[in-house]
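Just add 23 to the spot in the sequence shown (first one is 1) and you have this note's numbering.
Have a look at the structure below before the remarks.
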Amino acid sequence: MRARRGPALAAVLLLSSGAAAQEPEPITRLPEIHVTAPPGGALLDTSTPGRVDRLGEADRRGTQPTTLPEVLERLPGVTLQNEQGNRFQPDLSLRGFSASPVTGLPQGFSVFLDGVRLNEPTVEEVNFDLIPLEDVERIEVIRGPSVLFGRNTLGGAINLVTRRGREAREIVPEVATGSFGRQDLRLRLGGAARPLDWALSLTDSRDDGYRDFAGGRTSRAFAKVGADLGGTDLTLSYQYANNHVSQAGSLPESEARRHPRRNFTAGDFWAPELHLATLNGEHRLGEHLTLGLNAFVRALDAEQFNVNLVADNTRLVNRTLSTGGTVQATHAGTLAGRRNVLIAGVEYTRHDVRSRTFEVLASGSTLTADVADTQDAVGAYAQDALTLVRDALVPGSTLVLTVAARWDWLRHDITDRLGGPSGVVHDYDRFNPRAGLTFTLSERLRVYASYAEGFRAPAFLELTCAGPGAVCPGLQVGVAPDPPLHAVTARSGELGVQARPLAWLDVDLSGFRTDVSDDIFSVAPTGATGVFFLNVGSTRREGVELALRARATRELDAFVTYALTRATFQDDATLFTPLPPGTQTVRPGDSLAMVPRHRLHAGLAYRPWPWLTLSADAHYVGSQVLRGDEANRQEELPAYWVANLGASARLRGLETFVRVNNVLDDRHATFGTFAVNGREPGQPVQRFLTPGLPLNVVVGASYAF
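Put into structure tokens, the structure is as follows:
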């Protein structure tokens, strides 16, 4: 079933550009890849040995995305799934790992907003509806484990940086409307009076949903104040969110094909209220040394209601308070006459989580679980990038060695407030190394190789539902300290090349392999409405990612991205499944669920006049194994194509756009599993699918005063 909740951590580090930017500059030099100091820090010219994709505000213009995954969909390998059946809560899959609001998926991406970790402490899930996407100025996707981003960074990290006020005063109202009752309203303000700058936005987005009884509303306010005091730079931001999102979920396959708009269990909803305050600072202590600071407070109160046909309805009331901070020093100088950049930092985070679960009957509600968890996390890290050789083969060439290491420690102190086991403590710690080489042969060619390790400790919900005797009925039950879960570890290698063979063509090619030990999976026994978690041994993710971007003329540019991803089990394992007889035997080489092997996206933009842009794009997602069929015995979720059209115009301060999504009205499903059909005699286990978004149109306008 479903579960969500709250909080943060503190991280740091921003990265910049990669060859996959939306509109490459028409120059012959490759875009630099940089490592930065903590949020708000200045860019340093240290090449990073790995693939980094960077997107700016221009990459979202004219598309009116609702959530972060929609923005990232054009990047190679990014797949969107939609288990919840609404536009506010998509799931993101990349390199066989997930960032999702749904529990039970193999979460493996860390998401940061201005240095604050957004993965919730309950089970590392990510609530995309709480991210103020309209205020994000820069998005960076760093693939593979990263010691600088810390825990849970198995497949990579997504770093978001919010905007600051500019010298020019900004007053921009925006409005958009579209299919299924969609209405988006926003007011953006900003300005600067040195040394101060400020930014403010108010946003309200709502719709009736493309499924029956599946409407949603998200309301946000975001404010940020900055001060540039010469050698010291400070920003203080505050975000408030109050959302109510209905969840249509999946349908029996027969219903999904005949009546894809139906809602099988109407009444499910997610209602969070968020407060987040973040302080970032940077102070120069000399020509080469910079000190960075990040501190935050994040409070999330959330209610999740689940309607069940074969069990009692459940309501989760969750409250989380997170506090923490990071201190980081960056030294950019020379070592033995060679350029050297050293980054070192420490971070601490505390999460106080309380989850209460109620069974909801017609006669009233009964409290069935009341569990609290105090989490303390400490991280210490260092990274050094040294230019080993200059002008080795050709003038201007460089060879940079990057080495890094991080130690993480996490403690759970779990208490059952209904009189069950209390004082259950789980400690996890690990040392993770990273090393890589970046060889820049010329301004048109760069190659890199890297090795890194990552670590994810079991989360709160996983530890309390860690066996067939402790099944979580959709949400959260009591404390189950035995059997313990082991931490997940990842060892990853990557090779890549960035090239500009022609002045108008960028090529970015990378290959990777990530071996994961003690992967944690959720499994559902036959006839149960809930899940429990267990370690399944070793798994592997490997693949190739390609991005091509061309600007043939000033009027026309195009892109093609492709990813081949193979995610498999590496050990024999016996897993529970909703399918009779209740267990399945997984063999080495069997594919992980909901990971398409092939992913292709292509598009072009044409500007007949400077003020008008016409665009078209299409993406292909290959077939996928359904969740619950890890043994790969059942029919897969079919592959599908989706095509989109768009147009945008900018005349003075007025900007308008129209976007037609799924222009061919392709009927497809983005998610599939197996579940009990409580509406049929005998309550058989059947395939359940979540229909994708049908043909829909969005039009909008903004005006900058």
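The beta carbon of each residue, even a glycine, is placed where N, CA and C say it ideally should be.
Bear in mind the structure is a predicted one, so any value in this text is a computation, not a measurement.
Rounded to whole angstroms, what is the Cα-Cα separation between residue i and residue j?
i	j	result
PRO717	ARG690	7 Å
GLY356	ILE165	25 Å
GLY442	ARG650	35 Å
LEU712	VAL648	12 Å
ASP76	GLY179	11 Å
PHE172	ARG620	27 Å
VAL58	GLY459	In this predicted model, VAL58 has a pLDDT of only 43, less than 50, meaning its place in the structure is not dependable; the value taken from the coordinates is given anyway. Rounded to whole angstroms, VAL58 to GLY459 spans 14 Å at the Cα level.
ARG217	GLU106	47 Å
GLY309	ASN363	16 Å
ALA670	TRP632	12 Å
THR258	ILE366	21 Å
PRO99	VAL350	34 Å
ALA405	PHE544	31 Å
GLU517	ALA289	45 Å
PHE120	PHE728	43 Å
GLY138	ASN182	8 Å
ILE162	SER386	49 Å
THR226	VAL320	22 Å
ASP158	GLN593	42 Å
PRO124	ALA415	49 Å
LEU557	GLU485	8 Å
THR693	GLU466	41 Å
ALA698	GLY315	50 Å
LEU66	HIS624	Bear in mind that a pLDDT of 34 at LEU66, under 50, signals an unreliable position, so the number given afterwards is only what the model happens to contain. Distance between the alpha carbons of LEU66 and HIS624 is about 31 Å.
ALA392	GLY566	43 Å
LEU339	GLN130	21 Å
ARG429	LEU332	47 Å
VAL644	ASP529	24 Å
ALA776	THR576	The question about residue 776 has no answer here: the residues shown for the chain are numbered 24 through 728.
Run through the DSSP bridge pairs and tell me what residue i is partnered with.
i	result
SER242	ASP227 and ASN265
PHE734	Since the first and last residues shown for the chain are 24 and 728, residue 734 lies out of range.
GLU476	ARG514
ASN303	THR258 and ASN317
ALA573	LEU528 and ALA581
PRO295	ALA325
PRO714	ALA692
ASN120	The sequence shown places Phe at residue 120, rather than the Asn named in the question. LEU117.
VAL125	Answer is none; VAL125 lacks a bridge partner.
SER540	THR512
VAL708	VAL699
ALA596	VAL609
ASP220	ALA215 and GLY249
SER561	Answer by DSSP bridge pairing: none, since SER561 is not bridged.
ARG589	GLU565
ARG166	GLY179
GLN87	Paired residues: none, contrary to the question.
At which residues does the beta strand (DSSP E) containing residue i begin and terminate?
i	result
GLU517	511–525
GLU653	Where GLU653 is concerned, there is no enclosing beta strand (DSSP E), given that its DSSP letter is neither H nor E.
LEU635	635–644
GLU147	No beta strand (DSSP E) holds GLU147; DSSP gives it neither H nor E.
LEU460	447–465
PRO631	621–632
VAL720	719–726
LEU136	132–136
LEU422	421–439
ASN175	Run containing ASN175: none; DSSP gives neither H nor E here.
LEU78	75–79
THR185	179–185
LEU103	102–104
Going by DSSP, what residue range makes up the alpha helix (DSSP H) through residue i?
i	result
ALA279	276–281
LEU486	483–487
SER157	Checking the displayed sequence, the identity of residue 157 turns out to be Glu instead of Ser. Segment: none, GLU157 is in no alpha helix (DSSP H) and carries neither H nor E.
VAL94	91–95
Is residue i near the ligand COA - that is, is its Cβ less than 8 Å away from at least one heavy atom of it?
i	result
GLY179	For the ligand COA, the structure offers nothing, since it holds no ligand at all.
Whole beta strand (DSSP E) runs in the region 333–402 with 3 or more residues, listed along the chain? 336–358 and 361–384
Please confirm if the region 597–614 is in contact with the region 662–671, defined as three or more CB-CB distances below 8 Å between the two stretches. no
Is it a yes or a no for the region 67–86 touching the region 421–438, going by three-plus beta-carbon pairs under 8 Å? yes
Counting Cβ pairs closer than 8 Å, one from the region 581–590 and one from the region 601–610, do we hit at least three? no
Minimum length 3: unbroken beta strand (DSSP E) runs contained in the region 643–705: 663–674, 677–684 and 692–699
Ignoring anything shorter than 3 residues, give me the beta strand (DSSP E) runs that lie fully in the region 189–217, in order along the chain. 193–201 and 205–216
With a cut-off of 8 Å, do at least 3 Cβ pairs link the region 114–130 to the region 229–242? no
Count the C-beta pairs between the region 448–465 and the region 191–207 that are closer than 8 Å, then say yes if the count reaches three, no if not. no
Can you find at least 3 beta carbon pairs, one from the region 141–153 and one from the region 369–378, that sit closer than 8 Å? yes
Decide if the region 244–255 is in contact with the region 279–287; the criterion is three or more beta carbon pairs, one per stretch, under 8 Å apart. no
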